[in-house]
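Colleague:
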Amino acid sequence: MDFDKYLAAIDKALKLGNATEHTHRPALKELLEAAGKIVATNEPKRIDCGAPDYIITKSNAAATPIGYVEAKDVGKDLSAVEKDSQLKRYRASLRNLVLTDYLAFRLYRDGELIASAQLGKWNGATIIRIPEEFDAAKQLLQTFITSGLPVATSPRDLATRMAQMARLIRDLISKAFELENGHGDFNAQFEGFKRVLFGDELEPEQFADMYAQTICYGLFAARFNHEPGTPFTRQGAAYDLPKTNPFLRQLFASIAGAELDERIAWAVDDLADLLDHADISKVLKHFGKASKRRDPVVHFYETFLAEYDPALREQRGVYYTPEPVVGYIVRSVDRVLRDVFGLGQGLADYSKVEVERPTGKTNKKGVPLKEKVLTHRVQILDPAAGTGTFLFNVVDQIHHAFAGNEGMWPSYVAEHLLPRIYGFELLMAPYAVAHMKLGVQLRETGYDFASNERLRVFLTNTLEKAHELAGLPLFTQWLSAEASQASEVKQSTPIMVVVGNPPYSGHSVNKGAWIRELMDEYKKSPALLKPGQAKWLSDDYAKFIRFAQWRIDQTGHGVLAFVTNNRYLQNATFMDMRASLQKSFDDIFILDLKGSTKAQDVGENGTKDENVFDIQQGVSIAVMVKRPVRADKQTVRHFSITGSRQDKYEWLDAHDIADTPWALLDPIPPQRLFVPYDDTNVKEFHSYKSLPEIFNQNSKDPAPGIVTTHDQFAISWSADEAKAKVRALIATESEGKARELWRLCRTNQWSYAEAKKALSKDNSWEQNVRPIVYRPFDTRWTVYDSNVAVHRRERVSQHMLDGENIALGSTRAIDIAVGWEHAFVVDKLFTHHTVSLKEVNYLYPLYVYPLPEAQPSLGEKDTALEVKRRANLDPALVDELALGFGFEWLPEGGGDLAASFGPVNVFHYIYAVLFSPTYRDRYADPLKREHPRVPFTSDKKVFKSLCQLGEELVSLHTLKSDSDTGTISFPVAGTNLVEAVSFQLAESTEQANAAVDESAAADDLSFDKVGRVYINEGQFFDGVSQSVWSYRVGGYTVARKWLGDRVGRALTFEDLGTYKRILVALKRTMEIEVLVDAAIPAWPLA
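Going by our numbering, the letters in the sequence shown line up with residues 21 to 1106, in that order.
1) Within 10 angstroms of the Cβ of GLU391, are there 16 or more other Cβ atoms? Answer buried if so, exposed if not.
2) Give the secondary structure of VAL509 by DSSP, where H, G and I count as helix, E and B as strand, and everything else as coil.
3) Exposed or buried, what is ASN143 when buried is set at 16 or more other beta-carbons lying within 10 Å of its beta-carbon?
4) Nearest to PHE23 by alpha carbon, out of GLY829, VAL118, LYS92, TYR122?
5) Which residues bound the alpha helix (DSSP H) around PRO791?
6) Return the Cβ separation of LEU27 and LEU139 in integer angstroms, given the expectation that the two are a contact with Cβ distance under 8 Å.
7) Kindly give me the distance between the Cβ atoms of LEU711 and PRO955, rounded to whole angstroms, as I take these residues to be in contact under 8 Å.
8) Buried or exposed for LYS32, going by 16 or more other Cβ atoms inside 10 Å?
9) Would a C-beta distance cut-off of 8 Å place PRO450 and THR407 closer than the cut-off?
10) Give every residue of the same chain whose Cβ lies closer than 7 Å to the Cβ of VAL974, excluding the five residues on either side of it in the sequence, and list them in chain order.
11) Going by DSSP, name the residue or residues bridged to VAL1107.
12) Skipping 5 residues on each side, what residues in its chain have a beta carbon closer than 8 Å to that of LEU1095?
13) Answer with buried or exposed for ASN38, where buried requires no fewer than 16 other C-beta atoms within 10 angstroms of its C-beta.
14) Measure the alpha-carbon distance for LEU271 versus VAL517 and round it to whole angstroms.
15) Alpha carbon to alpha carbon, what distance is there between GLY663 and GLY638?
16) From LEU192 to ASP281, what distance separates their C-alpha atoms?
17) I'd like the list of long-range same chain contacts for ARG692, defined as Cβ closer than 7 Å, with 5 residues on each side in sequence excluded.
18) For the alpha helix (DSSP H) holding ARG269, just list the boundary residues, first then last.
19) My output table needs one value for LYS309: the three-state DSSP class, helix, strand or coil.
20) Check each candidate in ASP621, ALA404, GLU435, HIS819 and name the one with the smallest Cα separation from PHE444.
21) Which whole-angstrom value describes the C-beta separation of GLY829 and THR854, a residue pair presumed to lie in contact below a C-beta threshold of 8 Å?
22) Do the CB positions of ARG440 and GLN505 come within less than 8 Å of each other?
23) Look at the alpha carbon of PRO876 and the alpha carbon of ARG889, and state the distance between them as a whole number of angstroms.
24) Where are the alpha helix (DSSP H) runs, 4 residues long or more, that stay fully inside the stretch 132-176, in chain order?
25) Tell me which residues share the same chain as SER719 and place their Cβ nearer than 7 Å to its Cβ, disregarding the 5 neighbours each side in the sequence.
26) Quick one: which unbroken alpha helix (DSSP H) runs of 4-plus residues sit fully inside the stretch 744-820? Chain order, please.
27) If contact is defined by three or more beta carbon pairs under 8 Å, each pair taking one atom from either stretch, is the stretch 993-1003 in contact with the stretch 1035-1045?
28) Please decide whether GLU753 counts as near chain C, where near means a Cβ-Cβ distance under 8 Å.
29) Regarding GLU704 and the ligand GDP, is the C-beta to nearest heavy atom distance less than 7 Å?
30) Return the first residue and the last residue of the beta strand (DSSP E) that HIS658 is part of.
31) Distance, Cα to Cα, ARG571 vs ARG536?
32) Taking the continuous beta strand (DSSP E) assigned at ASN1120, which residues delimit it?
33) Verify whether the separation of the beta carbon atoms of THR264 and PHE469 is less than 8 Å.
34) Give me the DSSP bridge partner(s) of ASP607.
35) Where does HIS396 fall in DSSP's three states?
36) Could you give the DSSP three-state label for ALA503: helix, strand or coil?
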């Protein structure tokens, strides 16, 4: 390598005064190619699409990349370049990379800097050579071009490297798609995927992702089937793909074969080379070792997806199903077929029945014609097949039945197995893996596929209807043909068994009209007709249950066996779903595996309850049986398992539906719970009015609090900060810059351009800066403008804007195990998570104001606050109380509770009851699932006492009480910076606390331990009781939460005073709770 010649060329170009980084490319190409037998290709089209400047390939072999060079202008700060997004992407995806400014060279291996050298420095007039660095530069370049591709020998290593390449390919496709500007092959293929599989819900970024995964897993499947002895290449991959998947062969030849866009091909070739060097036999051997399961690709796709895009995994709800869970389900289905349907061979049954199927023709009157055909009785479908785990286990279960009759197996597979097992999968990668895995399994059991046979695992969207083939481009026709074959299974095949693990995705991307219509069956109750009320019914797992239910209803009998999110077993949103399932199925078996970290499930004796999946949400297995002859009475049986994951696996391995110790349930309308529950006080609870029934003048349905959709932008610590944020948004140059400042809302709910335009018109938004109760006792600020706080919930929020008002915040049902604590009063705006983060928070204002257009102008009234408001209380309730007590009703304020009462008194009474410990304990079970209901006493004395206690609670919780804070001190001066929040028993109180341990009654607050709340190493609040520190409102431990949200902030004088008042308010609240119970002579309250 002649570095002097190279530097002379660079120096000459620089001295011309008009050199750019492009000027020096010929010299660099010559230098690189002189280092060894390689070709350094600089292709502008590739570069425009996001490729590095040079792709290095060997000159005596196929054009497989061995490394990449990214060149910047002379003098560019390479340390700064390292940190930009482009280099980060290259370093994460390209194993062998050189970064240079033509004088300095840096070599990266697997993203890590391993060598650097500096040939010279440009001083503005000439290059100052650094000869002592020449040897280091030579060594660096030789190391670069002689780097051998490492052999991947473990599934994690291969999956990780594939994911890195997939990310790069995805980004290249995104850029190429953008450059086509709506016209080109990528755009045509995008339209095909969108139309056939995604019901027009596909975005370009999702298309690029799907395309990249198709290439990656098409190559992976092809490599698995590649015969040793010849190099594995992209061009030959289509021939290596198994014939059991004709669609993938066609598709892959089209999108990744000889015609692949050259801007993408280099990266795909790099991936092919990675796979060519992978030791596939060792990879599969390690799969078995890692999982201790027979499934040869048990964790591969999960590992890939976790590295490639964890958010996609969450969005699509993709999680591998553990073998013990699958085994329990498959064995249970086999048992049901034997015991309930009288099929002695269970899943292996190959008997046939006569059914009617549409011919696709019509008679002269246009009526569809049908024909009678013989078909297998036991047809099996996994509608969310993933990598084929359930179908693999089904085949394994059936194969065991042929022990000693192995000679019959090949003909059985061809005639009675392949024609009746089906799988649907939407994502290309798991689809390809499922085909590969099942093909290998059958081959290992002794079956060889005939040339025209295929596995009936289809690339399709289970929740979408298929499309007609006519008029579609060839590429789209292949997709549609595959989806149409799946559609025939959906619509016409008498599926008897539906098994699987459908995806969990609360923000479902499956929103097609067909499944929406089916889901209407689960939304019969008035409370569920509003989209917001039925949010959780949009979760994909609920849609898959509905699909499976519908399919078995079409057949007329069968078995549904899923493992899913267990929320539907008792959440109120799913009550119509439970009713519908009971109507369809004769026998429902629920094995609740629990394991929710959200609901804080615990095992026996308080031990940790672990999930069988690596997820937070608890899960359950449901086996639902629709008998050929309907039973006189439908039954629901339940059993639950708690404990460690390993304990659950061992239990599942040892049992099936026949020997599970089921408990018979009696689901009572309207909730129809699929879990055991204490119904002792349920009828009593239902005799009371609910909060929506009490506060019913604003609307028939309660409204949730404000949903800003981007709290980081819309919620501020002060009015000035709220204004500053809006001004900063207006000043941003682009949406990208704005999103760098704040985590902004998704574009389907909020438009950056529209918001910026509207807010820029004038400063009228400044008049809408308002305080908002963000969390219990925690007032922040927002701009009450839909361009800032996106969903303002005007129906309820308008009543909290001007004039005095108070409102009750609460939830409908709870999602945690600690009990119901979900009530809090506010006198300002309120968010949908003020009371609890895990549930929707509803707001019940005491007064409602006329709509703005109904209010008199200021010219007609002295002040807007004189506008007549009315109590948001049920008139029938008011009349009942007035008649029962003999009190006069005052429509404003409160009465003397001797001869009169008003709205404020009723509010105070309700608030007191909701803080009764006995109320919360007595009605704990229904409070888990329903809106709170309030008993009203007929005793004047009790009513007055509770009104007075409720009044004090409201004053405390709105921080309007003048309670003495002298018991709480903040004795040490300092920075006031909240660094680490903790509670510690004070040394000075250790002796007193020890005495408490020996003599205190558990419910006697006078013996509560006292300690300190530290905000940093040296500063603390003293005199805080342990019970105050632990006191909860809804989903929050108030004292900890208020300070924890201020970590990194210095507390002001006002903050310190507020926190002391909060601590005092919490202590007094606990005292009042005891007094509330004492004021109620007996339950039920009468």
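Where a beta carbon is used, it is the ideal one built from N, C-alpha and C, also for glycine.
Quick caveat, the model's predicted, so the values are computed rather than measured.
Modeller: Considering the structure as presented:
1) exposed
2) helix
3) exposed
4) TYR122
5) Per DSSP, PRO791 belongs to no alpha helix (DSSP H); it is in the beta strand (DSSP E), 789-795.
6) 6 Å
7) About 13 Å; that fails the 8 Å criterion.
8) exposed
9) yes
10) ILE826, VAL845, HIS928, TYR931
11) There is simply no residue 1107 to check, as the chain begins at 21 and stops at 1106 in what is shown.
12) LEU969
13) exposed
14) 30 Å
15) 13 Å
16) 10 Å
17) MET595, ARG598, ALA599, GLN602
18) 266-276
19) Bear in mind that the predicted position of LYS309 carries a pLDDT of just 43, short of 50, making it unreliable; the figure below should be weighed with that in mind. If DSSP states are grouped into helix, strand and coil, LYS309 belongs with the helices.
20) ALA404
21) 5 Å
22) no
23) Unreliable placement is indicated for PRO876, whose pLDDT of 47 sits below 50; the coordinate value is still reported in the next sentence. So the two alpha carbons sit approximately 12 Å from each other.
24) 154-165
25) ARG815
26) 755-761, 772-781, 814-817
27) yes
28) No chain C is part of this structure, which consists of one protein chain only.
29) By its list of ligands, the structure shown contains no ligand whatsoever, and the ligand GDP lies outside what it can speak to.
30) 655-660
31) 15 Å
32) Coverage of the chain is limited to positions 21 through 1106, which leaves residue 1120 absent and any answer about it impossible.
33) yes
34) VAL645, THR655
35) strand
36) helix
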